[in-house]
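J.: In order, the protein sequences belong to chains S and U.
Position one of the first sequence corresponds to residue 1 (the numbering used here), numbered consecutively onward.
Position one of the second sequence corresponds to residue 1 (the numbering used here), numbered consecutively onward.
Number of protein chains: 2
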Amino acid sequence: MLELAMKKGSAELLILALLEQQPRHGYELSKLIASRSKGVLTFHAASLYPLLVRLEERGLIAGRWVEKAGQRRRRYYRITTEGKDVLSSQRRSWKEFFAAINRVAGVQNA
Amino acid sequence: MLELAMKKGSAELLILALLEQQPRHGYELSKLIASRSKGVLTFHAASLYPLLVRLEERGLIAGRWVEKAGQRRRRYYRITTEGKDVLSSQRRSWKEFFAAINRVAGVQNA
DNA sequence: CCATATATGTGGCATCACCACATATGGCAG
DNA sequence: CTGCCATATGTGGTGATGCCACATATATGG
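This is the structure:
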């Protein structure tokens with residue numbers, strides 16, 4: 001498993017990117033992050049739900065409760081226009097970050 | 001400037017990588033990280049010096065004071081054998097982390 | 001009937017980068 | 001010669017964020 005520290009701040013990017021494709025609920029997001037990263041990234045419920053609340057407070061995502069028979073209630077989130085802007089900006093920042101790390105520490109050709 | 005959160009944990013990798021090349025002192029490390037990353041990464045004194053102490057306590061680097069006339073005292077650090085092992089392992093982890101982020105969030109082709 | 005997966009959430013803790021500040025020396029401009 | 005900047009190392013307290021343990025509630029399968 002990866003070190004705790006290096007994961008900090010990545011959850012926000014991952015959530016926004018997954019919600020860009022379609023609205024999803026919290027549990028689905030945690031499973032998707034784990035499966036698509038092949039188990040490398042795993043964000044726990046205690047990290048994820050408070051983060052979703054913060055993202056909604058900041059207006060980057062919008063949630064609504066969906067109740068269906070034979071299912072526990074789910075809160076589906078969709079990305080907002082502002083969220084898309086932030087995602088686009090974060091993708092650039094992460095790319096820049098990766099490039100900088102590679103330049104200094106030679107991760108790519110290690 | 002990059003977001004605070006995404007930098008967390010990267011300082012350790014950067015320091016070990018720079019010390020792999022040759023022994024250096026704290027101030028030099030902070031300047032090197034800033035210049036080689038073209039200003040994208042900037043670790044402040046208040047982050048760097050405590051981290052150097054922690055790395056030395058963990059046996060990954062070893063420091064010694066060097067006093068020269070016409071210079072303030074400097075503490076030069078060299079990477080230890082154990083530090084090289086950890087660096088190698090961290091390079092792998094970061095590479096894995098980058099790949100995972102790219103798979104989930106599509107940073108590479110954004 | 002009980003364990004597991006689904007589904008959301010809280011309280012307290014650890015980690016780690018930051019700001020503000022402290023200390024000390026050399027060199028340069030005014 | 002005085003003030004300011006770069007060099008050089010360090011501390012105390014704060015904020016952000018992920019984690020563990022725990023709590024709650026429903027559907028499904030053995």
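From the three backbone atoms N, C-alpha and C, an ideal C-beta is built for every residue, glycine too.
Using a 10 Å radius around the Cβ and a threshold of 16 neighbouring Cβ atoms, would you call S/V106 buried or exposed?
T.: Mapped onto the first sequence, residue 106 of chain S falls at position 106. The identity of residue 106 of chain S in the sequence shown is Gly, whereas the question assumes Val. Per the 10 Å Cβ criterion, exposed.
J.: If you follow the alpha helix (DSSP H) that S/G83 is part of, which residue opens it and which one closes it?
T.: Within the first sequence, the letter at position 83 stands for residue 83 of chain S. Its alpha helix (DSSP H) spans residues 81-105.
J.: Suppose the cutoff is 6 Å on Cβ atoms and the five residues either side in sequence are ignored; what does the same chain contact list for U/A34 look like?
T.: Start at 1 with the first residue of the second sequence, and residue 34 of chain U comes out as number 34. Contacts found: T42.
J.: Is there a C-beta anywhere in chain S that falls below 8 Å from the one on U/I61?
T.: Within the second sequence, the letter at position 61 stands for residue 61 of chain U. Output row for U/I61: interface = no.
J.: If you draw a straight line from the C-alpha of S/K8 to the C-alpha of S/L51, how long is it?
T.: Taking the first sequence and counting its residues from 1, the one referred to as residue 8 of chain S is at position 8. Taking the first sequence and counting its residues from 1, the one referred to as residue 51 of chain S is at position 51. Roughly 12 Å between the two C-alpha positions.
J.: Excluding the five sequence neighbours on either side, which residues of its own chain have a C-beta within less than 8 Å of the C-beta of U/S37, listed in chain order?
T.: Here residue 37 of chain U refers to the residue found at position 37 when the second sequence is read from its first residue. Once the five neighbours on either side are set aside, U/S37 has no close Cβ partner at all.
J.: The alpha helix (DSSP H) spanning S/V53 covers which residue range?
T.: The residue you call residue 53 of chain S lines up with position 53 of the first sequence. First-last of the alpha helix (DSSP H) with S/V53: 45-57.
J.: Within a Cβ cutoff of 6 Å, which residues of the same chain sit near S/K95, ignoring the five residues on either side of it in sequence?
T.: Your numbering for residue 95 of chain S matches position 95 in the first sequence. So the list is empty, once near-sequence residues are dropped.
J.: Using CA atoms only, rank isn't needed, just tell me which of S/L60, S/A45, S/R72 is closest to S/I79.
T.: Position 79 of the first sequence holds residue 79 of chain S. Nearest C-alpha to S/I79: S/L60.
J.: U/D85 to U/E20, Cα distance in whole Å?
T.: Taking the first residue of the second sequence as position 1, residue 85 of chain U is located at position 85. Taking the first residue of the second sequence as position 1, residue 20 of chain U is located at position 20. Spanning the two alpha carbons is a distance of roughly 11 Å.
J.: Put U/T70 into one of helix, strand or coil per three-state DSSP.
T.: On the second sequence, residue 70 of chain U is found 70 positions in, with the first residue counted as 1. In the sequence as displayed, the identity of residue 70 of chain U is Gly instead of Thr. Three-state result, U/G70: coil.
J.: Buried or exposed: which applies to S/A69, given that a residue is buried once 16 or more other Cβ atoms fall within 10 Å of its Cβ?
T.: Sequence index remark: in the first sequence, residue 69 of chain S carries index 69 (1-based). S/A69 comes out exposed.
J.: For S/Q22, count the other beta carbons within 10 Å of its own beta carbon; 16 or more makes it buried, fewer makes it exposed. Which is it?
T.: On the first sequence, position 22 is the one that residue 22 of chain S refers to. Exposed: under 16 other Cβ atoms inside 10 Å.
J.: By the three-class DSSP mapping on this structure, what secondary structure does U/G63 have?
T.: Locating residue 63 of chain U in the second sequence gives position 63, counting from the first residue. Three-state result, U/G63: strand.
J.: Beta carbons nearer than 8 Å to chain U: which residues of the stretch 34-47 of chain S have them?
T.: Listed by position, the residues of the stretch 34-47 of chain S near chain U (Cβ gap below 8 Å) are R36, S37, K38, V40, L41.
J.: Does the beta-carbon of U/G83 have 16 or more other beta-carbons within 10 angstroms, so that it is buried, or is it exposed?
T.: The residue given as residue 83 of chain U occupies position 83 in the second sequence. Classification of U/G83: buried, given that the 10 Å Cβ count is 16 or more.
J.: Grab me the residues of U/R75's own chain with a C-beta within less than 6 Å of its C-beta, minus the 5 sequence neighbours each way, in chain order.
T.: By one-based count along the second sequence, residue 75 of chain U stands at place 75. These residues qualify, in order along the chain: H25, G63, W65.
J.: Of all the CB atoms in chain S, is at least one closer than 8 Å to the CB of U/E3?
T.: The sequence position of residue 3 of chain U within the second sequence is 3, counting from 1. Closer than 8 Å: yes.
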